[in-house]
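Numbering (my numbering), first residue to last: 9 to 280. Note that beta-carbon positions come from the ideal geometry of N, C-alpha and C, so glycine has one too.
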Ligand SMILES: [Zn+2]
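The following block contains the structure:
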């Protein structure tokens with residue numbers, strides 16, 4: 009789409025990755041606490057700017073440079089020296105790496121822009137689920153809405169009516185089949201284990217994943233979810249010394265891996 013010299017494109021992607029990462033950290037802090045996305049406390053004049061979560065001091069632009077501010081201040085607030093959670097720089101770093109990965113396989117295409125736009129939401133969901141064991145509806149819903157725009161774009165840019173029908177049926181089938189499959193699986197495991205197993209937030213996320221990936225990716229996506237779930241569960245239960253672990257991070261990471269596979273040209277059921 010855009011024809012930029014590689015160095016400029018690369019720098020722009022890193023920049024966007026860090027800025028979106030900073031947005032992701034704002035969501036990670038705000039959404040579980042029911043704070044509006046855009047304002048700081050109720051003071052209108054502080055809208056958009058961020059404050060230290062400990063001393064409440066409004067942060068200056070120099071304190072808001074993604075990743076670097078945290079590194080320069082060795083993980084502490086510059087004003088009250090309260091430690092700042094490692095989650096925030098980690099989320100910024102992950103966001104940046106994820107965006108770079110998309111750029112590496114998709115280049116600066118329109119498809120890449122849609123995926124880059126949903127990444128901060130996925131990063132936020134990833135960390136929020138780790139902290140609260142919940143996937144907030146609003147973030148899942150917005151990921152789905154961006155997915156709808158993405159599908160609309162694919163339909164618009166389809167070279168023929170046949171291709172258009174193909175895309176539409178794949179994505180719509182993905183949406184319903186993923187949701188039904190996981191809902192059914194959840195019911196069965198709950199019945200067998202005699203306790204609720206899969207959170208309903210996970211089912212909603214599967215609907216969104218189905219919309220983004222289409223039905224042909226189901227087997228690959230399910231296998232990835234299983235592998236990531238087991239690996240993540242092992243780490244999580246060790247670190248937090250608990251028997252339960254959130255499934256969100258595994259299904260989010262799997263979705264991202266599928267984005268990369270799709271971008272690298274993997275297609276199933278003869279569709280591409
Ligand atoms: Zn502070």
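Short check: CB of residue 130 to CB of residue 214, under 8 Å? At the C-beta level, residue 130 and residue 214 stay beyond 8 Å of one another.
When the Cα atoms are used, what is the spatial distance from residue 24 to residue 196? Straight through space, the alpha carbons of residue 196 and residue 24 are spaced by roughly 43 Å.
With a CB to CB cut of under 6 Å and the five nearest residues on each side skipped, what residues in its chain are close to residue 51? Here the model assigns residue 51 a pLDDT of 44, short of 50, so the residue's position is not dependable, and the following value carries that caveat. Leaving aside the five residues that flank residue 51 on each side, none in its chain has a CB nearer than 6 Å to its CB.
Local conformation of residue 59 per DSSP, three classes: Residue 59 falls in the strand class under three-state DSSP.
For residue 164, count the other beta carbons within 10 Å of its own beta carbon; 16 or more makes it buried, fewer makes it exposed. Which is it? Around the C-beta of residue 164, fewer than 16 other C-beta atoms lie within 10 Å, and the residue is accordingly described as exposed.
Would you kindly report the start and end of the unbroken alpha helix (DSSP H) that includes residue 151? Unbroken alpha helix (DSSP H) run through residue 151: 145 to 164.
Whole angstroms is fine: what's the gap from residue 135's alpha carbon to residue 238's? Near 18 Å, if we compare the C-alpha coordinates of residue 238 and residue 135.
Under 6 Å from any heavy atom of ligand 1, by CB: list those residues in chain order, please. Cβ atoms closer than 6 Å to ligand 1 belong to 60, 62, 63, 65, 85, 87, 88, 90.
So, at 6 Å on beta carbons, what are the nonlocal neighbours of residue 124 in its own chain, with the 5 sequence-adjacent residues on each side left out? So the list reads 107, 110, once near-sequence residues are dropped.
Given 8 Å, three or more beta-carbon pairs between the segment 164 to 180 and the segment 188 to 195: No: the two stretches stay apart, fewer than three of their Cβ pairs being nearer than 8 Å.
Simplified DSSP state of residue 251, which is helix, strand or coil: The three-state secondary structure of residue 251, taken from DSSP, is coil.
By the 10 Å Cβ neighbour count, where 16 or more other Cβ atoms means buried, how is residue 53 classified, buried or exposed? Any reading at residue 53 must be qualified, since the residue scores a pLDDT of 37, below 50, and its modelled position is unreliable; no value is offered.
Quick one: residues in its chain with C-beta nearer than 7 Å to the C-beta of residue 8, no 5 flanking neighbours on either side, listed in chain order? Limits of the chain in this structure are 9 at one end and 280 at the other, which puts residue 8 out of reach.
I need the DSSP call for residue 268, collapsed to helix, strand or coil. When secondary structure is reduced to three states using DSSP, residue 268 falls in the helix class.
Do you know whose CA, among 114, 74, 83, lies nearest residue 273's CA? For the set 114, 74, 83, the Cα lying nearest the Cα of residue 273 is the one of 114.
Test item: CB-CB of residue 27 and residue 146 under 8 Å: No, the pair does not count as a contact, with Cβ atoms beyond the cut-off.
Can you tell me the Cα-Cα spacing of residue 17 and residue 65, whole angstroms? The straight-line gap from Cα to Cα measures roughly 36 Å.
Does the beta-carbon of residue 74 have 16 or more other beta-carbons within 10 angstroms, so that it is buried, or is it exposed? Label assigned to residue 74: buried.
Pairwise C-alpha distance: residue 102 and residue 57: Reliability fails at residue 57, whose pLDDT of 49 lies under 50, so the model's placement of it is uncertain and no value is given.
From which residue to which residue does the alpha helix (DSSP H) around residue 2 run? There is simply no residue 2 to check, as the chain begins at 9 and stops at 280 in what is shown.
Pick from 142, 156, 104, 154: whose alpha carbon is nearest that of residue 22? Among 142, 156, 104, 154, the Cα nearest to that of residue 22 belongs to 104.
Rounded straight-line distance, which links the Cα of residue 268 to that of residue 15: Taking the straight line joining both Cα atoms gives about 22 Å.
For residue 257 and residue 211, what's the separation of their Cα atoms in angstroms? Cα to Cα, residue 257 sits roughly 13 Å from residue 211.
Within 10 Å of its beta-carbon, does residue 84 have 16 or more other beta-carbons around it, so buried, or fewer, so exposed? With fewer than 16 other Cβ atoms within 10 Å, it is exposed.
Endpoints, alpha helix (DSSP H) assigned at residue 38: Looking at the DSSP string, the run of the alpha helix (DSSP H) that includes residue 38 is 14 to 38.
Is it right to say residue 280 is buried, meaning 16 or more other beta carbons lie within 10 angstroms of its own, or is it exposed? Because the pLDDT of residue 280 is 44, which lies under 50, any placement of that residue in the model is unreliable, and the question is left without a value.
Note down, in chain order, each residue of its chain lying with its Cβ closer than 7 Å to the Cβ of residue 235, except the 5 sequence neighbours on either side. None.
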